[in-house]
Ligand code: DGT
Ligand code: CA
Ligand code: CA
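Numbering (our numbering), first residue to last: 1018 to 1592.
In structure tokens form, the structure reads like this:
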């Protein structure tokens, strides 16, 4: 059974969790977290490479010891350290860390004092009123945890888009080799670039006597065949993700693609519109009475309804059909429109490459400019920059910028917004930078009014040009902080500040809905990689997917501007 990079990343993350629960050295925990992120983002398949007898390349951030762990994980899905850590802890204890409001300290207390080692045990204890007795818990915390654990347990597991891609793409490649298969598409929420997907929906066009179903169920990672018929099948993979398959004749691929891309709400709205024209749409085609009038391509389905083709990312029944009818569909931003990146880390803080390496990687990706924005002093765990170190970095970046051809380096910082809304570095140093990116990294639990006031105050600071990951959420891990996003967006407009769409697959923050709100208010969005390594620019594709779901066009995106336009916007409002 193949071990995917994602599985290696999950194992490394689990090691970090278990070490954290043992109160291990935070730097050691962090090393495993970093390694998890690196492994999850690598462009080559680790296990396949090792199986071919090749060595792992030298990867900054992965020393000999970690590389050994990764080799072990790639070979058998676990390693000696993980086995040992798991043996010393209840099987479900790391699940507790996924709940909002539960950090390692509290989970340790729950386990040591009450023997709680799983979500189910926590739910029981909260129901029985046994948590409130613990120091630092109380009745309110108990109720909050009960609600959180119940919500978590009732929610079907969804997969982040980038993770789903790691399972979907090799599977699609496998299916393409099925005798008789023509086209293989992953439809559903995956094609709509939703930030998480519930399952994978494969659609294959094929000749009459094909072997697609056989090949689908014979895939090495299939753990369970849930259903298997003449034209459809469903399986569950070892990773836990479910995959559905439909096999259709080539002539109805368009109609099937439209149907299985969804969303369900979009399909229902479109069917209604067809009915008003005396037409019928289903997964086989578009019909007038018994006569089939369209369905070989998706565009033909829309054309028969006198509509232009609607990009999958818009198909959520959020006004896209009306916009199409009025000829007012947005001309959505594309990956190739991005000219630069304004949020990038280096070894000075928690990145793994030097500024030079990051700049060369950005250039190789075809970017015109890149801002180096390391953390500020408050972030002690990652050696955040104080004014003295930042001043040195500015000199270094300026030197580098003069030296390197074909890429412009901008100076910047990702400065912490402190609890009172002031910034973590003095104006005397911030005023030397091309771009000040402000971000909340602490006190996520402030009450709404105070959190909002804190962020608005930071936006009022005349040097702040960009608000990083504006909601602070980590998909499935940390809820957004309680903040009045409408007020933030309005303030951003008033101050000429841009909002970041952080493209990290577990952030994708702004959300699609907030992108659209920003656009409607005339606030520019900046799609940043938040890259921590030279290969970290790949995530920009996820960010662009999210931006497209938020109806953003090139003109709505700050870093789609060429350098000259960018400079004008960054200098706006400065004396
Ligand atoms: P997911 O998997 O939860 O992330 O979301 P989807 O959108 O991939 O949903 P899924 O996998 O249940 O179904 C795939 C597509 O099939 C869906 O987007 C639209 C279509 N579909 C499924 N059930 C229905 C239905 O009852 N009516 C209509 N019109 N379309 C459906
Ligand atoms: Ca699906
Ligand atoms: Ca499905």
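From the three backbone atoms N, C-alpha and C, an ideal C-beta is built for every residue, glycine too.
How far does the alpha helix (DSSP H) with residue 1022 in it extend, from its first residue to its last? As a working note, residue 1022 is residue 5 in the chain shown. Start and end: 1022-1038.
Label residue 1285 either buried or exposed according to how many other C-beta atoms from any shown protein chain fall within 10 Å of its C-beta, with 16 as the threshold for buried. Reading the chain shown from its first residue, position 268 is the one you call residue 1285. The residue in question, residue 1285, is exposed, as its Cβ has fewer than 16 Cβ neighbours within 10 Å.
Curious, which full-length alpha helix (DSSP H) runs of at least 4 residues does the stretch 1361-1418 contain? 1372-1381
Residue 1033 to residue 1115 span [Cα, whole Å]: Translated into the one-based positions of the chain shown, residue 1033 becomes position 16. Translated into the one-based positions of the chain shown, residue 1115 becomes position 98. Spanning the two alpha carbons is a distance of roughly 13 Å.
Please look up how many angstroms separate the CB atoms of residue 1559 and residue 1517, rounded, as I've assumed it's under 8 Å. Within the chain shown, residue 1559 is the residue found at index 542, counting from 1. Within the chain shown, residue 1517 is the residue found at index 500, counting from 1. With a Cβ gap of about 14 Å, residue 1559 and residue 1517 do not count as contacting.
Can you tell me which of the three DSSP states residue 1526 falls into? As a working mapping, residue 1526 is identified with position 509 in the chain shown. In the structure shown, residue 1526 sits in a strand (DSSP, three-state: E or B).
Residue 1352 at chain B interface by Cβ criterion, 9 Å: Absence of chain B from the displayed structure is noted, only one protein chain being present.
If you run the structure through DSSP and keep just helix, strand and coil, what is residue 1019? As a position in the chain shown, residue 1019 is number 2, starting the count at 1. Here residue 1019 sits in coil by DSSP.
Assuming residue 1121 and residue 1398 are in contact, meaning their beta carbons sit under 8 Å apart, how far apart are those beta carbons, in whole angstroms? Position 104 of the chain shown, counting from 1, holds the residue named residue 1121. Position 381 of the chain shown, counting from 1, holds the residue named residue 1398. Actually they are not in contact, since the Cβ atoms of residue 1121 and residue 1398 sit about 14 Å apart, beyond 8 Å.
Going by DSSP in three states, residue 1263 sits in which element: helix, strand or coil? Position 246 of the chain shown holds residue 1263. Of the three classes helix, strand and coil, the one that applies to residue 1263 here is strand, per DSSP.
Cβ-based neighbour list, residue 1592, same chain, cut-off 8 Å, excluding 5 preceding and 5 following: As a working note, residue 1592 is residue 575 in the chain shown. Here the model assigns residue 1592 a pLDDT of 44, short of 50, so the residue's position is not dependable and the matter cannot be decided.
Ignore the nearest five residues each way along the sequence and tell me which others in residue 1187's own chain have a CB closer than 6 Å to its CB. Taking the first residue of the chain shown as 1, we reach residue 1187 at position 170. Result list for residue 1187: empty, nothing under 6 Å.
Tell me where the alpha helix (DSSP H) around residue 1192 begins and ends. For the purposes of this step, residue 1192 is identified with residue 175 of the chain shown, where counting begins at 1. Note, residue 1192: alpha helix (DSSP H), 1178-1193.
Could you give the C-beta distance for residue 1176 and residue 1258, rounded to a whole number, given that I count them as a contact under 8 Å? Reading the chain shown from its first residue, position 159 is the one you call residue 1176. Reading the chain shown from its first residue, position 241 is the one you call residue 1258. Contact flag correct, Cβ pair sits at about 6 Å.
Residues surrounding ligand 2 [beta-carbon distance to nearest heavy atom under 6 Å]: 1205, 1206, 1214, 1215, 1216, 1218
6 Å CB neighbourhood of residue 1059 in its chain, flanking five on each side removed: Working through the chain shown from its first residue, we reach residue 1059 at position 42. Same-chain partners within the cutoff: 1022.
Go through its chain and collect everything with a Cβ distance to residue 1096's Cβ below 6 Å, but skip five positions before and after it. Taking the first residue of the chain shown as 1, we reach residue 1096 at position 79. The residues are 1086, 1089, 1090.
Measuring alpha carbon to alpha carbon, tell me which of 1337, 1269, 1078, 1296 ends up nearest residue 1567. Locating residue 1567 in the chain shown gives position 550, counting from the first residue. Taking only the C-alpha atoms, the option nearest residue 1567 is 1337.
Can you name the residues that DSSP bridges to residue 1245? Within the chain shown, the letter at position 228 stands for residue 1245. Per DSSP, 1250.
Residue 1277, enclosing alpha helix (DSSP H) - first and last residue: Taking the chain shown and counting its residues from 1, the one referred to as residue 1277 is at position 260. Looking at the DSSP string, the run of the alpha helix (DSSP H) that includes residue 1277 is 1270-1278.
Inter-residue Cα distance where the pair is residue 1113 and residue 1461: Locating residue 1113 in the chain shown gives position 96, where the first residue counts as 1. Locating residue 1461 in the chain shown gives position 444, where the first residue counts as 1. Rounded to whole angstroms, residue 1113 to residue 1461 spans 19 Å at the Cα level.
From the DSSP output, in three-state form, read off residue 1127 for me. Stepping through the chain shown from its first residue, residue 1127 is reached at position 110. Helix at residue 1127.
Which one of 1484, 1030, 1151 has the shortest CA to CA distance from residue 1048? Taking the chain shown and counting its residues from 1, the one referred to as residue 1048 is at position 31. Among 1484, 1030, 1151, the Cα nearest to that of residue 1048 belongs to 1030.
Which whole runs of the beta strand (DSSP E) in the stretch 1461-1504 are 3 residues long or more, in chain order? 1481-1484
Sorry if obvious, but does the Cβ on residue 1492 come closer than 8 Å to a heavy atom of ligand 1? Position 475 of the chain shown, counted from the first residue, corresponds to residue 1492. Every heavy atom of ligand 1 is 8 Å or more from the Cβ of residue 1492, so no.
Cα separation between residue 1576 and residue 1374? Residue mapping note: residue 1576 aligns to position 559 of the chain shown, counting from 1. Residue mapping note: residue 1374 aligns to position 357 of the chain shown, counting from 1. Those two C-alpha atoms are separated by around 20 Å.
Does residue 1173 come out as helix, strand or coil in the three-state DSSP assignment? Position 156 of the chain shown, counted from the first residue, corresponds to residue 1173. DSSP places residue 1173 in coil when its eight states are reduced to three.
In angstroms, rounded to a whole number, what distance separates the CA positions of residue 1487 and residue 1403? Position 470 of the chain shown, counted from the start, is the residue given in the question as residue 1487. Position 386 of the chain shown, counted from the start, is the residue given in the question as residue 1403. When rounded, the distance between both Cα atoms is 23 Å.
Would you give the residue range spanned by the alpha helix (DSSP H) that residue 1112 belongs to? The count along the chain shown starts at 1 and reaches residue 1112 at position 95. Where residue 1112 is concerned, the enclosing alpha helix (DSSP H) stretches over 1110-1113.
Any heavy atom of ligand 3 closer than 8 Å to the Cβ of residue 1261? Against the chain shown, residue 1261 aligns to sequence position 244. Residue 1261: yes, Cβ under 8 Å from ligand 3.
Cα-Cα separation between residue 1587 and residue 1064, rounded to whole angstroms: Position 570 of the chain shown, counted from the start, is the residue given in the question as residue 1587. Position 47 of the chain shown, counted from the start, is the residue given in the question as residue 1064. Approximately 45 Å between the Cα atoms of the pair.
Is any heavy atom in ligand 1 found nearer than 8 Å to the beta carbon of residue 1281? By one-based count along the chain shown, residue 1281 stands at place 264. Answer for residue 1281: yes, Cβ within range of ligand 1.
Nonlocal neighbours in the same chain, by C-beta distance under 8 Å from residue 1108, ignoring five residues either side: Walking along the chain shown from the start, residue 1108 turns up at place 91. So the qualifying residues of the chain are 1134, 1135.
Output the distance between the C-alpha atoms of residue 1282 and residue 1276, rounded to the nearest integer angstrom. The sequence position of residue 1282 within the chain shown is 265, counting from 1. The sequence position of residue 1276 within the chain shown is 259, counting from 1. The alpha-carbon atoms of residue 1282 and residue 1276 are separated by roughly 11 Å.
When DSSP labels each residue in this structure, what does residue 1456 get in the three-state scheme? By 1-based counting over the chain shown, the position of residue 1456 is 439. If DSSP states are grouped into helix, strand and coil, residue 1456 belongs with the strands.
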